[in-house]
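In the numbering used here, the protein residues as written are 6 to 602.
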């Protein structure tokens, strides 16, 4: 640990302490002399206490002086931590590329879309037409009696959910065949389709409908189909349509396949499987039996083409009959006027048409984010981009203030003549202060780890530190840098990074690197915390030393008291003998001289 010079406050405290010790010692000595010169009737208790105090005071005050010095150091380190955290906060406001989003976008049609500009956007004008909004597929069931109405006589139901080319079985066990169960199981599958149960309040006996909504854009199309009979069928040749003919409608990859027509008497699962496979559409059907031994063990499984994801759906037109095993109320009819077809967003920007699956477009114009709200196909909107550097200048001025505050405090804690209360002259000669001051200056004056072509240091932006460590901004130079080399300024500060963590090894520019270094400096393993902890640990040891000193002085006092008590007894005995001898001598003189004493 570096040897530190005494601060003025500590020196004053020690001087006062030394004077007090000297006065106490002088008083103790005077009491001792006065007591001894009395010759008799000595206050041995006071004499013993004075001797112990005279021995205790120098040692006690030396320890207390060390404690006071360490407490001053801790206060100094606390002050440094506070101002360095201020610099870190100012740098954090400048470390992300998005922090330099100074372009203001003026939009002539905010009803059709909104637009925001990022740090990489460039000034200019753009013509924008919203031709089509991205919409999610919405499919609605027919009316249902209630959320708890049984759909399959309490029997298990299995649905095939096809979303984005991926087919998933959703199995509802026995006793879970209500509309609410269907909604809960679909949502729990988390396959990109959201289900909700709504009450239309239309006054009919079946006011409830299940609404299915996919992801926005054409890629979010989906289909939901019971796997032939949700409750199963008793045998491969069992009739499912009262022996009447039926038509299968198959859609693969958005293309309707020729209808598969089954004649009267061919309404069995076996005939359906054969007809689908014979259609050669790439969709395969298989008839399997559950191993659970239920009354209706057979199910028809339909699988889409292998390879690239392809959406498909299979619906059944029962003709004159109706489905035997599944309640028709759950039907998902494409003719339902409430349904919505999935569509992509289309926007024309500067004459070029872009198609996206979302209404939030981030890759159409570099640095701009469009949020589409409505269409304006005939009358284009105009987006004018102009730069406003006010917020950037405010952040840079905040950095200057924070840096100069830190420079001031580092000067005061190391100045032996500082008049600052609490923090002044607390770290005089401390090498930690010198090291931190050098590191902080290097963060500001050194070149960026991510230099631009025309600008790579703060001084080129008009930001400089003079010989006394005071930072200032030349606004003329700053304005020129922001006008002529804006992208270089952003890169020099941020490395064109966003959200770079302190643990990332990637270069983060002047601000990003500074935040990383300051975070380490201020952390639990940093130099300030370690130095403060060391001083606190030393003070704990000094407190133990004070306690040990107190024990030794108490023992010494008892010894002195015992010795002085014996001395007092001896003096009393001598005085008694003296009195007796005097009386004898007085008697002898009286007998010889004939005079009475």
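Glycine included, C-beta positions come from ideal geometry on N, C-alpha and C.
In this structure, the beta-carbon distance from residue 103 to residue 503 falls below 8 Å. The bridge partners DSSP lists for residue 144 are 217. In the three-state DSSP reduction, residue 357 falls in the strand class (E or B). The residues 520, 521, 524, in chain order, have a CB closer than 7 Å to that of residue 507 in the same chain once the five nearest residues on each side in sequence are set aside.
With a minimum length of 3 residues, the unbroken runs of beta strand (DSSP E) contained wholly in the region 360–399 fall at 373–377, 386–392.
Beta-bridge analysis with DSSP links residue 478 to 468.
The criterion of a C-beta distance shorter than 8 Å is satisfied by residue 551 and residue 65. Counting of Cβ neighbours within 10 angstroms places residue 593 among the exposed residues, the total staying below 16. For the pair residue 169 and residue 197, the CB atoms are nearer than the 8 Å cut-off. Excluding five sequence positions before and after residue 190, the CB atoms of its chain that fall closer than 6 Å to its own CB belong to 175, 177, given in chain order.
If one requires a minimum length of 4 residues, no alpha helix (DSSP H) run lies completely within the region 42–76. Under the DSSP definition of a beta bridge, residue 483 lacks any partner.
In the structure shown, residue 414 adopts helical secondary structure according to DSSP, grouped into three states.
Note on geometry: alpha-carbon atoms of residue 155 and residue 213 lie some 13 Å from one another.
Measuring C-alpha to C-alpha distances from residue 110 to each of 408, 574, 375, 549 identifies 375 as the nearest.
Counting other Cβ atoms within 10 Å of its Cβ, residue 385 reaches 16 or more and is therefore classed as buried. Ranked by Cα distance from residue 101, the first of 501, 565, 569, 589 is 501.
With 16 or more neighbouring CB atoms inside 10 Å of its own CB, residue 435 falls in the buried class. Remark: C-beta atoms of residue 351 and residue 142 do not approach each other more closely than 8 Å. Annotation: the continuous alpha helix (DSSP H) that includes residue 547 extends over 532–598. The beta-carbon distance between residue 428 and residue 418, rounded to whole angstroms, is 6 Å. This is short enough to meet the 8 Å contact definition. Its Cα nearest to that of residue 87, the residue 411 stands out among 464, 510, 453, 411. Below 8 Å, too few C-beta pairs join the region 475–483 and the region 78–85 to call them touching: fewer than three. Cβ neighbours of residue 458 within its own chain (closer than 7 Å, five residues either side excluded): 493. DSSP, reduced to helix, strand and coil, places residue 351 within a strand of the structure shown. Looking only at 55, 69, 133, 166, the smallest Cα-Cα distance to residue 373 is reached by 133.
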